[in-house]
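Residue numbers (the working numbering): 2 to 130.
Even glycine gets a Cβ: it sits at the ideal position worked out from N, Cα and C.
The structure appears right after this line, and notes come after that.
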């Protein structure tokens, strides 16, 4: 029954990925340039709500497709990258360090490529061909 909702759920998930990543990038650049608005409570709560909806849509997709993420190598890599992305993102925003910000954006880009290719190496597979 949930499979009938696959396309709207996937569309929502992709939109939330783009919104979440864009918001992180804008917040990170703004903080690193010295502005304070990204630290405001409303901005932080909005970001957390978007990320929670993103997680919810991911769980709905897994349920609709009846996929165990631990049995799919590309999903295992994507989940590992997500944890690393969160860690680097926290360090980038709390400590205002360009190095961690760039690493977080790199993790985000790699997650996108892994999701797009459904391969653990993402876009790096094209370098191996």
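Closer than 7 angstroms: residue i CB and nearest the ligand SAM heavy atom
| i | result |
| --- | --- |
| residue 9 | The ligand SAM is absent from the structure shown, which contains no ligands of any kind. |
Whole-angstrom C-beta distance between residue j and residue i, which should lie under 8 angstroms
| i | j | result |
| --- | --- | --- |
| residue 14 | residue 59 | 6 angstroms |
| residue 51 | residue 21 | 5 angstroms |
| residue 83 | residue 111 | Actually they do not touch by this definition, with Cβ atoms about 10 angstroms apart. |
Buried or exposed by the 16-neighbour rule on C-beta atoms within 10 Å, applied to residue i
| i | result |
| --- | --- |
| residue 117 | exposed |
| residue 115 | buried |
| residue 100 | exposed |
| residue 95 | exposed |
| residue 29 | buried |
| residue 123 | buried |
| residue 40 | exposed |
| residue 34 | exposed |
| residue 106 | buried |
| residue 55 | buried |
Delimiting residues of the alpha helix (DSSP H) encompassing residue i
| i | result |
| --- | --- |
| residue 11 | 7-33 |
| residue 95 | 74-96 |
| residue 112 | 99-118 |
| residue 51 | 42-66 |
| residue 36 | No alpha helix (DSSP H) holds residue 36; DSSP gives it neither H nor E. |
| residue 128 | 126-129 |
Pairwise C-alpha distance: residue j and residue i
| i | j | result |
| --- | --- | --- |
| residue 128 | residue 109 | 19 angstroms |
| residue 102 | residue 6 | 35 angstroms |
| residue 1 | residue 9 | Residue 1 lies beyond the range of the chain shown here (2 to 130); nothing can be said about it. |
| residue 17 | residue 32 | 22 angstroms |
| residue 70 | residue 43 | 33 angstroms |
| residue 119 | residue 68 | 13 angstroms |
| residue 2 | residue 121 | 30 angstroms |
| residue 57 | residue 24 | 18 angstroms |
Min CB distance residue i to chain E below 8 angstroms
| i | result |
| --- | --- |
| residue 38 | The structure shown contains no chain E; it holds only a single protein chain. |
**Study point:** Contact the segment 64-78 vs the segment 87-95: 3+ CB pairs below 8 angstroms
**Key:** no
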